[in-house]
Structures are given as structure tokens and as C-alpha cells.
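For the sequence shown, the numbering used here assigns the number 702 to the initial residue and increments by one for each residue that follows.
Report on the following structure.
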Amino acid sequence: MAAIGITLVLGGSYYLLYSVIRPKNLFPFFLAHALSDIFGVGILTYIETL
Numbered sequence: 702m703a704a705i706g707i708t709l710v711l712g713g714s715y716y717l718l719y720s721v722i723r724p725k726n727l728f729p730f731f732l733a734h735a736l737s738d739i740f741g742v743g744i745l746t747y748i749e750t751l
């Protein structure tokens, strides 16, 4: 369930930000997606071990 929430929140925010930004540069979104995957998996793993 947490993955669905992360997908909806981050995916929706990425879509809205990309539709507003004028120079259509995808690099910041690729970087943000990679970092959110890394930190999201780390947080979920930490919560799972509690």
C-alpha cells in the first residue's frame, strides 16, 4: 500500500511540475525519481524492520 501512495503523490507532483515548467528538461525529474526510489526503499526497509 505504501508504494501506491508514493506513486500517486510523487507521480502526480512530477506531472504537475512538468506541465508547468516551460523549458521541457527531463533531467531534474529523472534525478528526483532516482533519489526518491533510493530514499523511499531505505525508509520502507527501516520501517519494516521495526
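Quick reminder that beta carbons are idealized off the backbone N, C-alpha and C, glycines included.
Whose CA, out of GLY706, ILE705, GLY712, lies closest to the CA of ALA735?
Here the question's residue 735 lines up with position 34 in the sequence shown. Of the candidates GLY706, ILE705, GLY712, the one whose C-alpha sits nearest the C-alpha of ALA735 is GLY712.
Nearest-angstrom Cβ-Cβ length linking ILE707 and GLY741, presumed shorter than 8 angstroms
Against the sequence shown, residue 707 aligns to sequence position 6. Against the sequence shown, residue 741 aligns to sequence position 40. 6 angstroms between Cβ atoms; contact.
Between the C-alpha atoms of PHE731 and TYR747, what's the straight-line distance to the nearest angstrom?
Stepping through the sequence shown from its first residue, residue 731 is reached at position 30. Stepping through the sequence shown from its first residue, residue 747 is reached at position 46. Taking C-alpha positions only, PHE731 is separated from TYR747 by approximately 24 angstroms.
Under a three-way DSSP split, which group does LEU727 fall into?
Walking along the sequence shown from the start, residue 727 turns up at place 26. LEU727: coil per DSSP, three-state reduction.
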